[in-house]
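Read the structure below first, then the notes.
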């Protein structure tokens, strides 16, 4: 697979895209003082063609068929310009443009304030092929954040996004574990995780864990739609999290960038990027190598990431593209700790033979077609060919490694899917309305092989010993078909209403070998089910002023029975044959906006209902034997407050400053996530004891998630300090405070962590970054793992430093 990717990438990057140009439109973009304006978007209306102005304000659009056009010019902080022009065959036409400054409005504020010096933004009401109006959403402009991007430092990247809880136990930065509103952060599985709009998880409806996370050095922005993505994207309770990769530079034929980072614990990372636009062709590619030992003993990582994207404007209406992403990882897992071990030395490890690897390959074909000035189509076809491999000693952490044969577990993922979307604008009662609709097909296949007898060595080796077999070997197939439609009704310049429907059909089948006991195979009976359901959503916005508005949204959510739910962890467990999918909804009510160009805010109340939660209780049969029964046990409710405010006191007092600008931000969340009437049973001294979780806090849900920060910018230099102040949480639904011997349950204490990062560039060519993570060397943990990569306490990292040098050409 790696060889194929390398060969194809070399062919694509090596293509000679210097074609003879038919017609050329070029010129300069200036402001009212005749100064060059870089980064301006210039598009030919009604076509897929467009470029950006370069650092000198110049632009060039090549290979334009002769005809009549309208050139649309957009730039934050300036009035939009539309210029009609005609071009003849073999004509070189020059068209200079002067932009006038515009007042900051809510729509402009959705992209940025103070022209790019804040890293948190919002999606516009309608964006390409989707509708965002009436929904709580955030856009994290990764390139504008001072953070340790080489290590994908999550608490810095999501610092301005209120209510995001993070599992900070993966110092390698390979995987991301985030959640919101009292949901489970485990590999971000409560979010619909995508990259450039298509799936990157093994199976969103059957096994949605995000083993792959793109390098943040190439991510242009992270788009988050809270809980209300069920109509346009899927049914996840958490909503959408979409990584948007850096697009080809439209202002240059060729650009190159390299970022090289060194840091604590042997960290070395090199990131190399190239891209550009030539006529109808645009291309981008990157390669990242990251290696280090992490903060704890017995921890090591070696990762390779690569990505290629090529786009071609076949004509003025059709753009086609090819993307390929590859990741290869080698990661040593130090395992968990008992509470006593954590107090004595959080850096220690009693597991030196545990390894983890996730080879990942994601190809995608895309196309965009403009049917008319008001209607556009988008098509994406994608696949995932990947593995999840682990080997190690996996017994409770209070048991010493016996240095015997290690356990090998392997998953093989083969999935493919396709989505077609349409968006159109039409008039109704004199107002412009927008309709978005789409169809989706997904086919996922998981070959799961577990409990294999590996070697007794210490290196990464997923081979079984001679004649070895996997005691668990089964297949899981998941087929998903969906259709959605969503519409924005604009009743006035101030009020709009968004309504939508989504139909889902899910077919799942699991069969194979569950276990071998006393040389007897225990075969799973084929378990298959088909579900059809309808989700509804409705949202609204009301503008108080051009820069402030109220918003509200209600969207249903759906959590299908996953492969892990259908697979009992022990042979004595019983699965309820009537096990139902979980259902619920998200509700938002908020107020957001801006005060001129020196303050922005978003404050709101949320309510998340999670019904038919899946859990396990003890049951006793007629013979008195006790077993665990997995069924639907009850529901939980998460509600609370999320708020974000960013303030520039210097811009508030004076329009410009010779001494730089100061930005203060606060991201605050209070989350009250509790179980409702949730019957439980447990076994004590051979007897079943009944109980109820009503009023208990949901596990892994801190009540307080607060982050504060200050950024100072002067010319091309900036420095950011931030504080993460996170409340305590429980690791189990019973709200156990005192830990057990294996450290898998017990309180997760509150903690505070500080980070500081700085960056500068010289002549926009030489880049320097540096920082200290966990400035005060706080000893803390965010997770008690019941299984891999634990079990036991998974410590967060102590103080680390990093330095980055970069070059742009």
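Numbering (our numbering), first residue to last: 841 to 1649.
Here a beta-carbon is modelled for each residue, glycine too, at the ideal position from N, C-alpha and C.
- Exclusion of the five residues before and after residue 1534 leaves 1515, 1516, 1517, 1518 as the residues of its chain whose Cβ lies within less than 7 angstroms of its Cβ.
- Remark: C-beta atoms of residue 884 and residue 891 do not approach each other more closely than 7 angstroms.
- Note that the segment 1317 to 1334 touches the segment 1269 to 1282; at least 3 beta-carbon pairs, one per stretch, sit closer than 8 angstroms.
- If you compare the alpha carbons of 1631, 1243, 1569 with that of residue 1581, the shortest gap goes to 1631.
- Annotation: residue 1053 is outside any beta strand (DSSP E) and is labelled neither H nor E by DSSP.
- The Cβ atoms of residue 1344 and residue 1364 do not sit closer than 7 angstroms to each other.
- Under the rule that a run must span 3 or more residues, the beta strand (DSSP E) segments found entirely inside the segment 1358 to 1399 read 1360 to 1385, 1388 to 1399.
- For the pair residue 1002 and residue 1574, the CB atoms are not nearer than the 7 angstroms cut-off.
- The three-state reading of DSSP puts residue 1587 in strand, counting E and B together.
- Counted as a single uninterrupted DSSP element, the alpha helix (DSSP H) harbouring residue 1181 occupies residues 1179 to 1184.
- Assignment of beta-bridge partners to residue 1042 by DSSP yields no partner.
- By DSSP's assignment, residue 1248 forms a beta bridge with 1231, 1292.
- One alpha carbon belongs to residue 1244, the other to residue 1399, and they sit about 39 angstroms apart.
- Boundaries of the alpha helix (DSSP H) around residue 994: 994 to 997.
- In the three-state scheme derived from DSSP, where H, G and I count as helix and E and B as strand, residue 1502 is classed as strand.
- Boundaries of the alpha helix (DSSP H) harbouring residue 1491: 1489 to 1493, taken from the DSSP string.
- Taking a C-beta distance under 7 angstroms as the contact criterion, residue 1395 and residue 1070 qualify as a contact pair.
- The Cβ neighbour count for residue 1374, taken over all protein chains shown within 10 Å, is under 16; the residue is labelled exposed.
- Per the coordinates, the alpha-carbon of residue 1004 lies some 34 angstroms from the alpha-carbon of residue 1123.
- Judged by DSSP in its simplified three-state form, residue 1085 adopts strand.
- Residue nearest to residue 1497 within the set 904, 1546, 1513, 1438 is 1438 (criterion: CA-CA distance).
- Leaving aside the five residues that flank residue 1214 on each side, the residues in its chain whose CB is nearer than 8 angstroms to its CB run, in chain order, 1264, 1265, 1266.
- Boundaries of the beta strand (DSSP E) harbouring residue 1098: 1095 to 1103, taken from the DSSP string.
- In the DSSP assignment, residue 1605 falls outside any beta strand (DSSP E), carrying neither H nor E.
- Selection 1262, 889, 1108 evaluated against residue 967 yields 1262 as nearest (Cα-Cα).
- In the DSSP assignment, residue 1615 forms no beta bridge with any residue.
- Excluding the 5 residues flanking it on each side, residue 1308 has same chain C-beta neighbours closer than 7 angstroms at 1292, 1293, in chain order.
- Minimum Cα-Cα distance from residue 1240 among the listed residues 1191, 1272, 990, 1273 corresponds to 1191.
- Taking a cut-off of 8 angstroms for Cβ pairs, the segment 1097 to 1116 and the segment 1623 to 1643 touch, as three or more such pairs fall below it.
- Between residue 1219 and residue 1207, the CB-CB gap stays under 7 angstroms.
- Nearest C-alpha to residue 899 among 1353, 989, 1118, 1441: 1118.
- For residue 1351, the pairing in a beta bridge is given by DSSP as 1315.
- Nearest to residue 1337 by alpha-carbon distance, out of 1006, 1511, 965, 870, is 965.
- Per DSSP, residue 1122 is one residue of the beta strand (DSSP E) stretching across 1121 to 1132.
- Here residue 1223 carries a strand assignment [DSSP, helix/strand/coil].
- Three or more beta-carbon pairs separated by less than 8 angstroms are not found between the segment 1608 to 1623 and the segment 1083 to 1091, which leaves the two stretches without contact.
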